Structure formats: structure tokens, C-alpha cells
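To start, the structure itself, in C-alpha cells.
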Amino acid sequence: MSGTDRTAEDEARTFAASPPARGQGFAVTWWGRAWLKALEDAALDGAQLRKGRTRAREGAVGAVSVRPGRITAVVRDRDGSAHRSDVLLRRLTDEEWDRFVAMAADRAAHVAALLDRDMPPHLVEDAASAGVELLPGMGDLEPECDCGAWDHCAHSAALCYQLARLLDQDPFVLLLLRGRNEHRLLDALQRRVAPTAAADGESAASGVPADSGTGAGVDAVTAFAARDAVPPLPAPPLVPSEPGQPPSLDTESAPPADVDAGALEFLASAAAARALRMLSDALRPDHGQQPFEEELTVRQDCVRLAATAPSPSTSAAHLPLPVSLPEEPTAGRLAGGSGRPARELDAAVRAWRYGGAEGLAVLDGEWAPDPADLIRAQAALDTAWEDGDRPALRRSGPGSGSGSGPGSGSGSVRWGVTGSSVELRYGADGRWWPYREERGRWYPVGPGDHDPSVALTVAIAAAAPDTPE
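In C-alpha cells:
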């Protein structure tokens, strides 16, 4: 065995076979998709590619061996026959590797990205500028299979699709296929960076030499002197105008019987909407001063998920009834998870849209304001209307007693308007929330407010179309 062959033998990596993953896509990362593009652009028979994708999803690809210039696996057909399949990719020359190491050593961000198992586009672009092509192009993936096919067959295609998953997890797999394993490449980068960093450190420290021993870390003076080598942070991303489209689950294979494809699509859409909101919040100037959101219970989170369904209107003053909800059976599952009957989910969704967890708590519970809060609330109501114009209020709820005004009875938790189907509810957060009765059930019709006169105005406006003249 030659020295070159022994090096290849030492650098080989073997990845265990993956279980079946029906309905699962391939190549999440951009470099994984570039790998598959090189395959799909060059293959002459699209039917063989489709068969290969199916074989890979069914778990027909055995353990995958990756070594410089070659990947190998045994792929089984549905009839049980097994075929050894190989895919070859040109190894980079020593000169090309020297150029790549020199390029990466001059850019600290490239090394950091690789250590984070990332391969940003600018790393590949800079390598190409140095004359080093990392990703394969059209026709670069050369198949060899004992089935006798001269082009990509279902077996070599399945192997390529399986490797795309491995590339997603670790871009060093591609670098190994091009000729260098992770340890060998990082050692070369360290040897390249150490002399430059040490020289910079000695200059910055006025003659104090840095530790030049390999593998012993970097002297603090050297690290501080090299601080300017770290590139500046990129500009904040632009906030999209709307959430991205979720992936389509319409695949060649039907989902298993216990998988609800509709629920998965709904969750993907909800996750995209939440990610957009979180990104918008994170880019606000005062984001660092905002309190952390409390972790939701399972019941609260089910209502939050249902509240992400699109609604014809999200006006703060009024929402149409019934509230737009996810389609069945997703809505039923969310209602069950929230601990309420399906017919009550729309009220919970509206409460969440108006006030999040606080609004939902007002729908589900009752709180008694203390006497000082009642006095302040009555004063706000008295000053909001002219004498005699203020709506007549009645008390309801535990401890309401027999008084007729909002200030009587320290246990008052709800104030209803006499002769109208509206009421105010007091929340644990000290705000008053407007509610309206519709078809024998109570619904929130606006956000809470510390001024009960504001909340009462919202409630009366919401009920105006149904108030008798």
C-alpha cells in the first residue's frame, strides 16, 4: 500500500445507516442543496433520481464510508438485493490546499464558522477566488455501481441524497471528501496563524514574546493584539413584511397513519409567524430593556397557537364573531390541549389576541380589586361623563353584595351596564377589560386599560349595533 493510500485509509470516516424518514426532505443547508444540484443537473435519467430519493427515505442506504475522493455504501433494492455503490469527487491538490489554508487563516470568521459546523457562502466564494472549488459542479460527481449502470442509477442517487444529510450536519465531511480531515486541516490553520499572531503580539507588547508552543493556546497579549482581525458584526437584517411560506408536505410518499400532516403544516406556519414577531421585537431599540416573557403552560400555549390563525380583522375595538380558527381537526386538538370545549376556543383566542396570557387569565378567572382601586375607578368613571350621562352600572361576581353602584362591595369583580349586554372585568394586572355578551356567551371586545371609562367606551361601541334604540 502506498503512502497516499495509507493516508486515505487513516482519514476515512464511517457514518451509521439512518432509519427510514418518509416525507422528510433533504439538504436543509445551502451547501447541501448545492451538492444535490450538482447531482440533479448532471443526471440523464430523472426517474433514477426519484427512485434514489425514495430508497434514501426508506432507509435503504447502509453505513456510508467517506474518505478522500470517494464515498461508498451498500444500497438495497425493495426485492432485497444489495449493490455496492460509489461516488467519486476529485481531491484537491496540495497546492490548492495551501491556497485554501492561507485564505482561511487570513479571515478569522471563516475558521470560526467551520468550527461552528457552518459553511457561509463568502467562505466558498473566497476559496473560489483563490482558485479552490470546494463544492462540486455539474458533472463532478462520478458514479460507480456494481449494478452495471454507466450513469447515476437509483443506488448512487440514494447515496448522494443520504450524503446531503450528512453534509447538513457537518461541512467537514465535504472537506474530507476533497482530501483533508478536520484535525489535519485545523492543524494546518494553527500552524499558519501562530507565527503571524505571535509576531503581532510581540510588537504590540513592546518586545514581550508570546508563547509559540503548538497546542498550548495563545498568550493573552497576543489575543488582544489580534482583536482587529475579527470582522465587524454584519448589519441587522431587514424585517420581512410577512412570514415565510412553510415547506410543502405534499411528497411522493403518504405520511404514516399516526402523522397529522395538516397539524404539522399549521405548526410550521405558526412558527414562521412567531419567528417574524421575535425578529421584529429583537430589532427594536429598547429590546434590551424589555422583561423576559414568562414560560407558558401547555394550556396557554395551545391558545397562543390557535390565535396565530389569520383573522379577517384584528381591530383593537372589535373582532368579528366567530373568530377565525384553524381548520378541524387541528382546532379540536388545540381546544383539548387548552382544557376547554371546542365551542369556547374562539373566546379564548380573542382574549389572547387582545391581551396575551393576561387577557386569557381574565377570561378564565376573577379577581377582586382592593378598596383603593375601586375608589380610583369610580372617580375615573364620574369624570368621564357629564352629570346624568354615565351609564348605569350593576355589579356581578363573587362578593358583589346588594349595592347598586361600582363603589359598594369590596368584592366586586365585574361591572355590567344596565339594559345592555356589556360589562367590565377586573384583572390581576389592575386593568379593566371590556366584554360583550353574544348568543349567551361572553367575549372580550378590546384590550384592558387601567382607566375603566376607556374600557367601558370600547365595550359600548362594540355592542352598539345590538343595543335597542
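With the working numbering applied, the sequence shown covers 985 to 1453.
Ideal Cβ positions, reconstructed from N, Cα and C, are used throughout, including at glycine.
All figures in this text were calculated on a predicted structure; none of them were measured in a lab.
- Cβ-Cβ distances below 7 Å link Ala1088 to His1094, Val1095 and Leu1173 in the same chain, with the five nearest sequence neighbours on each side left out; the list follows chain order.
- Counting along the chain, no beta strand (DSSP E) covers Phe1250; the unbroken alpha helix (DSSP H) around it starts and ends at Ala1245 to Ala1266.
- By the Cβ test, the stretch 995 to 1004 is not in contact with the stretch 1101 to 1110, since fewer than three Cβ pairs between them sit closer than 8 Å.
- Taking all protein chains shown into account, Trp1081 has 16 or more neighbouring C-beta atoms within 10 Å of its C-beta and is therefore buried.
- Rounded to the nearest whole angstrom, the CA to CA distance from Ala1026 to Arg1261 is 41 Å.
- Collapsing the DSSP output to three states places Pro1375 in coil.
- Per DSSP, reduced to three states, the secondary structure at Ala1044 is coil, with no helix or strand assignment.
- For Val1287, the uninterrupted alpha helix (DSSP H) segment begins and ends at Val1282 to Ala1290.
- DSSP places Gly1320 inside the alpha helix (DSSP H), whose first and last residues are Thr1314 to Gly1321.
- Relative to the Cα of Gly1132, the nearest Cα in the group Ser1437, Arg1068 and Leu1158 belongs to Arg1068.
- Less than 8 Å separates the beta-carbon of Ala1412 from that of Ala1345.
- In the three-state reduction of the DSSP assignment, Leu1072 falls in the strand class, which pools E and B.
- In this structure, the alpha-carbon of Arg1425 lies about 28 Å from that of Ala1254.
- Between Glu1407 and Gly1400, the C-beta spacing is below 8 Å.
- The residues Ala1111 and Val1116, in chain order, have a CB closer than 6 Å to that of Phe1084 in the same chain once the five nearest residues on each side in sequence are set aside.
- For Val1346, the enclosing alpha helix (DSSP H) starts and ends at Leu1329 to Asp1348.
- Looking from the CA of Gly1053, the closest CA among Ala1376, Asn1165, Lys1021 and Gln1032 belongs to Asn1165.
- Between Trp1015 and Leu1099, the gap from beta carbon to beta carbon reaches 8 Å or more.
- Per DSSP, the beta-bridge partners of Thr1056 are Ser1049 and Asp1070.
- With respect to the 8 Å criterion, Ala1364 and Pro1436 are classified as neighbours on the basis of their beta carbons.
- Assignment of beta-bridge partners to Leu1408 by DSSP yields Trp1399 and Pro1418.
- Gly1036 and Ala1148 do not touch by the CB rule: their CB atoms are close to 11 Å apart, not below 8 Å.
- Comparing alpha carbon positions, the residue from Arg1360, Ala1005 and Val1058 closest to Ala1066 is Val1058.
- Between the stretch 1349 to 1367 and the stretch 1317 to 1337 there are fewer than three inter-stretch CB-CB distances shorter than 8 Å, so the stretches are not counted as touching.
- With fewer than 16 other beta carbons inside 10 angstroms of its own, Ala1241 counts as exposed.
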